[in-house]
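Numbering (my numbering), first residue to last: 151 to 699.
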């Protein structure tokens with residue numbers, strides 16, 4: 151018979167065990183509704199076999215969470231650690247259910263780089279409801295329970311028993327479902343990013359480990375030998391505008407064959423639309439550094455250190471460069487160049503609610519160019535206009551009333567509350583405004599032809615899912631992302647003077663507009679079009695070179 155002292159010493163241990171196991175079971179079951187929905191739809195594990203597989207999978211997830219909490223939740227850290235995991239579970243469950251996104255290292259980078267304005271667009275009553283249903287009940291239970299402190303050795307024994315017991319349980323569960331588990335994980339790799347909240351933990355650890363995989367403090371020089379090729383005496387300096395688009399999918403541009411008139415103004419310009427262009431990522435954080443790098447996507451992902459970017463090479467060549475942001479930043483690409491953040495500008499016609507329409511970047515542009523270094527201006531000017539574009543989920547905010555051609559719109563960030571037609575209307579209206587913005591930019595460039603040879607290249611960073619297969623937004627792992635998240639518009643406009651000086655045939659470009667190209671070509675195409683000579687230039691990746699560039 152146990153003594154009173156034995157009973158009293160066991161109570162603190164039991165309270166600690168409950169504080170670990172209870173929340174772990176809750177997160178593994180209630181917190182993984184998105185995972186269970188996806189599993190239930192798979193033919194490999196349907197019906198009763200699927201129920202058995204899901205039970206084994208839930209035990210495996212719960213055991214993994216117990217091991218994590220037992221390893222890290224020492225002393226007074228236990229409650230805060232479990233609370234953070236519960237909150238992460240609720241938030242992750244909401245976004246995975248609402249938009250069918252997954253949480254992987256790339257998505258974690260997006261989360262860490264999100265600015266307050268973008269956060270506002272993602273808040274909704276559904277997020278509050280998910281927090282109330284998934285996080286609040288276990289949090290209330292956890293913080294109301296007495297949690298007695300244990301002596302160090304006693305606590306070590308409890309945590310060791312938890313860890314070992316969970317490891318044994320996980321091994322048993324994995325062996326019981328291994329045949330189905332290995333098949334499902336091999337054929338449906340995206341499911342591993344739905345295991346909540348272990349997906350967030352893994353993504354955060356992987357992101358934090360980046361400095362150990364790649365020396366992020368090291369920035370190697372690039373293209374220091376860059377120089378401008380000699381121009382004809384009669385040639386004017388180039389004025390190239392690089393419009394960095396946001397969340398534009400090529401399928402929805404009418405100049406690419408889309409049934410709706412989303413690009414009527416561009417259709418009246420002598421532009422070339424490369425209809426088979428592909429991104430090197432499915433998010434801004436992944437695509438922008440990649441497209442401004444000389445490396446193809448596969449080499450870029452394996453790079454051991456960072457290098458300078460296209461912007462640096464253009465400056466090494468002696469060109470005047472200016473980056474204008476109407477977005478949340480340039481992801482490190484423009485860190486060593488003059489920049490302007492137009493988000494903070496106050497213009498009653500173009501700005502409201504701490505956000506400006508993209509036309510704000512054209513305001514006062516002549517004065518901004520005049521303020522650049524005169525010697526560099528004489529060699530040529532490159533302007534980068536980083537759009538807000540079609541950034542979601544609040545697509546309705548991305549177009550003013552005059553450009554809302556399609557209706558009714560989805561006027562909430564909870565896209566699942568709207569019909570797909572309403573979501574599509576709001577998104578397509580944002581492209582109608584992008585069409586107007588690009589046409590206005592071309593009109594401004596035409597007004598500069600007395601002093602410059604102007605040109606424009608517009609390329610989006612990635613595409614977007616608009617409800618196809620119940621997927622929304624972007625950011626899925628590249629290997630499993632649908633084409634609509636990777637197929638992007640690439641549009642070129644060359645003034646007659648620029649085309650003549652560079653020897654580029656617009657007719658030739660139009661004859662090649664269905665050739666497959668990608669962000670891998672962007673760095674080298676811009677250099678080739680500007681006549682920048684450097685050892686890092688790869689002619690084979692210059693899409694303009696076959697047409698005389």
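No residue lacks a Cβ here, since even glycine has one placed at the ideal position from N, Cα and C.
Residue range of the beta strand (DSSP E) that includes residue i
i           : result
residue 456 : 455-457
residue 592 : Counting along the chain, residue 592 falls outside any beta strand (DSSP E), though it belongs to the alpha helix (DSSP H) covering 570-596.
residue 536 : 531-536
residue 425 : 421-428
Helix, strand or coil at residue i according to DSSP, with G and I counted as helix
i           : result
residue 475 : strand
residue 559 : coil
residue 730 : The structure shown does not extend to residue 730, since the chain is modelled only from 151 to 699, so the question has no answer here.
residue 525 : helix
residue 282 : helix
residue 686 : coil
residue 666 : coil
residue 408 : coil
residue 175 : helix
residue 519 : helix
residue 614 : coil
residue 635 : helix
residue 341 : helix
residue 496 : coil
residue 211 : helix
residue 672 : helix
Beta-bridge pairing of residue i - partner residues as DSSP gives them
i           : result
residue 603 : 388
residue 241 : According to DSSP, which records beta bridges pairwise, residue 241 is partnered with nothing at all.
residue 506 : 501
residue 608 : 393, 641
residue 489 : 473
residue 378 : 682
residue 141 : Residue 141 lies beyond the range of the chain shown here (151 to 699); nothing can be said about it.
Closest by C-alpha distance to residue i, when choosing among the options
i           : options            : result
residue 579 : 438, 551, 595      : 551
residue 640 : 670, 554, 596      : 670
residue 369 : 501, 556, 453      : 453
residue 518 : 352, 489, 455      : 489
residue 424 : 288, 676, 663, 685 : 663
residue 171 : 291, 280, 271, 252 : 291
residue 372 : 397, 598, 483, 510 : 483
residue 444 : 241, 438, 459      : 459
residue 566 : 250, 207, 525      : 250
residue 615 : 168, 698, 248      : 248
residue 591 : 644, 544, 636      : 644
residue 343 : 547, 530, 186      : 186
residue 299 : 246, 164, 256, 374 : 164
residue 478 : 494, 472, 660, 470 : 494
residue 668 : 485, 613, 630, 217 : 613
residue 606 : 261, 426, 593      : 593
residue 254 : 352, 306, 183      : 352
Outcome for residue i when other beta-carbon atoms lying within 10 angstroms are tallied against a minimum of 16
i           : result
residue 464 : buried
residue 283 : exposed
residue 400 : buried
residue 512 : buried
residue 496 : exposed
residue 602 : buried
residue 258 : buried
residue 633 : exposed
residue 559 : buried
residue 335 : exposed
beta-carbon residue i near the ligand FMN non-hydrogen atom, thresh 7 angstroms
i           : result
residue 412 : In the structure on display, the ligand FMN does not appear, and there are no ligands present to speak of.
Residue interval of the alpha helix (DSSP H) (run including residue i)
i           : result
residue 334 : 302-337
residue 415 : 414-417
residue 349 : 348-358
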